[in-house]
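Chemist: Below is one structure. I have some questions about it.
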Amino acid sequence: KGARVDATDNFNQTPTHVAAKYGHTEVVNILLEKGASIDATDDGNQTALHLAVQHGHLEVVNILLDKGATI
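Given below as structure tokens:
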């Protein structure tokens, strides 16, 4: 059946948060296609979009915005 796409770590970050933070565009796309929450917030109230912006991953930012991430 597979892993939960919205599982969280000790900081309440999902796999989408981590993929966005490190600029893994393909992983972000796959997670979103599998139903991951695009606007999930971590313990710092940050979304995957926030992390992609902070770490300068413009391609991930564009993917998230194109798929409806809240600004």
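Mind the numbering: the sequence shown is residues 1 to 71 in UniProt numbering, read in order. No residue lacks a Cβ here, since even glycine has one placed at the ideal position from N, Cα and C.
When the Cα atoms are used, what is the spatial distance from Asp-6 to Gln-46?
Modeler: As a first step, residue 6 is located in the sequence shown; it is residue number 6 there, counting from the start. As a first step, residue 46 is located in the sequence shown; it is residue number 46 there, counting from the start. Those two C-alpha atoms are separated by around 15 Å.
Chemist: In angstroms with no decimal places, state the Cα-to-Cα distance between Ala-28 and Asp-66.
Modeler: Along the sequence shown, one-based indexing puts residue 28 at 28. Along the sequence shown, one-based indexing puts residue 66 at 66. Note that residue 28 is Val in the sequence shown here, rather than Ala. Rounded to whole angstroms, Val-28 to Asp-66 spans 12 Å at the Cα level.
Chemist: Less than 9 Å separating the beta-carbons of Ala-69 and Ile-38?
Modeler: The sequence position of residue 69 within the sequence shown is 69, counting from 1. The sequence position of residue 38 within the sequence shown is 38, counting from 1. Cβ atoms of Ala-69 and Ile-38: closer than 9 Å.
Chemist: What residues in its chain sit with their C-beta under 7 Å from that of Gly-35, if we drop five residues either side in the sequence?
Modeler: Within the sequence shown, numbered from 1, the residue matching residue 35 stands at position 35. Here the set comprises Val-5.
Chemist: State the Cα-Cα distance for the pair Gln-13 and Ala-48, rounded to the nearest angstrom.
Modeler: Locating residue 13 in the sequence shown gives position 13, counting from the first residue. Locating residue 48 in the sequence shown gives position 48, counting from the first residue. Cα to Cα, the separation comes out at about 9 Å.
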